[in-house]
Ligand code: AMP
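Have a look at this one:
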């Protein structure tokens, strides 16, 4: 089946056209600066030259039309006509506890996405715009919503509840939902497959470490706990997000600096994390370069990141009563051997022992990086959220 996977942001739209039979990416690309001056489309068709065009994109609908034009273009295209697209899969950030798996999009689903705007004010409205733009242009093609929160719906209440008055859960749906669910789902499944193990009886900790980072405890293939919370702000400090902090700090800073909620939100989401600590960058490559040049704050940011990840990892080992497999994924997890080594350092007594010869320099490919005598198997599995969404889309559409 040929599936178009769409990940719509407020001013961007990422896409991949996949053949689910072999997971082949036929084309992928990105529309940037939608609704802003200087919009452009970067289109990468399989086996053809990359194509970049600057052209006005006032709305998501224009962006979707440009993507479809590129996909069918004789010069840059990979299909002859739009009719070859069997289905569209949309990535949706948060649908609270309404869906435990991907679903066929109908009016009720769109209404639920709208109901959840307050949980993902930047992402859900943009995701919905992406759906509506595609429906306008491709009204007869079935569309599926894949939620970043659905994989985490198997968490037990003791993991997802916050210690606030119960009515906030009952009336306002305040609880842990997690994020990156599609990625945690994909890498946990793929790691078991790669290692030739059955997910049943397997205790895994999946570390999705990128610009946003989250860690999940996955037992028997099901999520037991995850570090992101009501929103993607909780967990270790991230590129620009502060991660978990004493909640009283929020009130303290707002009072001292007379900040309104939006300003405080911006401070925690955009000015904090390793960028805020180092004052250098949110990118780990820049931080490592700066740390090597004796920038102590860049080193501190790196140390804080691996220390906080290690603490969460430790808490999940106890939550599951042990761990069999650790999985590293996403930009940092897949590429940064120093951070992987720092997170696993000193855990030999707990059965986690990396093999430097396997870990050092390993980037972006599936591999075991633990030593042969490590009790816990440590692997790197490049994430593939698009393939997971395409497979879900295929399964739902085939069952219609
Ligand atoms: P993601 O959000 O998964 O795309 O991850 C992006 C982040 O991965 C970047 O901001 C970098 O911090 C990190 N990253 C990517 N490549 C490398 C690398 N070779 N070494 C260290 N960090 C990397």
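In this note's numbering, the protein residues as written are 726 to 1125. Every residue gets a Cβ at the ideal spot worked out from N, C-alpha and C, and that includes glycine.
To the nearest angstrom, how far is the alpha carbon of residue i from that of residue j?
| i | j | result |
| --- | --- | --- |
| residue 742 | residue 839 | 26 Å |
| residue 781 | residue 795 | 15 Å |
| residue 1074 | residue 1101 | 11 Å |
| residue 984 | residue 957 | 21 Å |
| residue 849 | residue 778 | 27 Å |
| residue 1116 | residue 1002 | 40 Å |
| residue 857 | residue 1041 | 39 Å |
| residue 1083 | residue 1056 | 18 Å |
| residue 913 | residue 931 | 7 Å |
| residue 740 | residue 749 | 14 Å |
| residue 890 | residue 955 | 15 Å |
| residue 949 | residue 1024 | 32 Å |
| residue 944 | residue 1114 | 22 Å |
| residue 736 | residue 758 | 5 Å |
| residue 959 | residue 998 | 11 Å |
| residue 1058 | residue 917 | 17 Å |
| residue 765 | residue 887 | 43 Å |
| residue 973 | residue 986 | 14 Å |
| residue 946 | residue 938 | 20 Å |
| residue 797 | residue 909 | 33 Å |
| residue 775 | residue 855 | 23 Å |
| residue 1035 | residue 1068 | 5 Å |
| residue 928 | residue 812 | 34 Å |
| residue 843 | residue 728 | 30 Å |
| residue 733 | residue 801 | 22 Å |
| residue 902 | residue 807 | 36 Å |
| residue 1088 | residue 768 | 24 Å |
| residue 867 | residue 829 | 7 Å |
| residue 747 | residue 980 | 56 Å |
| residue 1092 | residue 1104 | 6 Å |
| residue 1018 | residue 819 | 41 Å |
| residue 965 | residue 1120 | 36 Å |
| residue 892 | residue 900 | 11 Å |
| residue 978 | residue 845 | 23 Å |
| residue 1026 | residue 1070 | 17 Å |
Is any heavy atom of ligand 1 found at a distance shorter than 7 Å from the C-beta of residue i?
| i | result |
| --- | --- |
| residue 1007 | yes |
| residue 966 | no |
| residue 977 | no |
| residue 1055 | yes |
| residue 1060 | yes |
| residue 936 | yes |
| residue 1010 | yes |
| residue 1088 | yes |
Just grab the DSSP bridge partners of residue i for me.
| i | result |
| --- | --- |
| residue 752 | 742, 770 |
| residue 779 | 765 |
| residue 944 | 928, 947 |
| residue 1054 | 933 |
| residue 729 | 742, 813 |
| residue 1092 | 1105 |
| residue 1014 | Answer is none; residue 1014 lacks a bridge partner. |
| residue 829 | 869 |
| residue 757 | 765 |
Which residue marks the beginning of the beta strand (DSSP E) containing residue i, and which one marks its end?
| i | result |
| --- | --- |
| residue 814 | 812 to 817 |
| residue 868 | 868 to 872 |
I'd like the span of the alpha helix (DSSP H) that includes residue i, first residue to last.
| i | result |
| --- | --- |
| residue 929 | Run containing residue 929: none in the alpha helix (DSSP H); it sits in the beta strand (DSSP E), 928 to 934. |
| residue 884 | 882 to 885 |
| residue 985 | No alpha helix (DSSP H) holds residue 985; DSSP gives it neither H nor E. |
| residue 907 | 906 to 920 |
| residue 1084 | 1081 to 1084 |
| residue 837 | 832 to 840 |
| residue 1069 | 1062 to 1069 |
| residue 1041 | 1021 to 1045 |
| residue 967 | First-last for residue 967: undefined, no H or E at that position. |
| residue 1113 | 1110 to 1123 |
| residue 785 | 785 to 797 |
| residue 999 | 998 to 1003 |
| residue 896 | 891 to 897 |
| residue 853 | 849 to 862 |
Is there at least one non-hydrogen atom of ligand 2 closer than 7 Å to the beta-carbon of residue i?
| i | result |
| --- | --- |
| residue 752 | Ligands in the displayed structure: ligand 1; ligand 2 is not one of them. |
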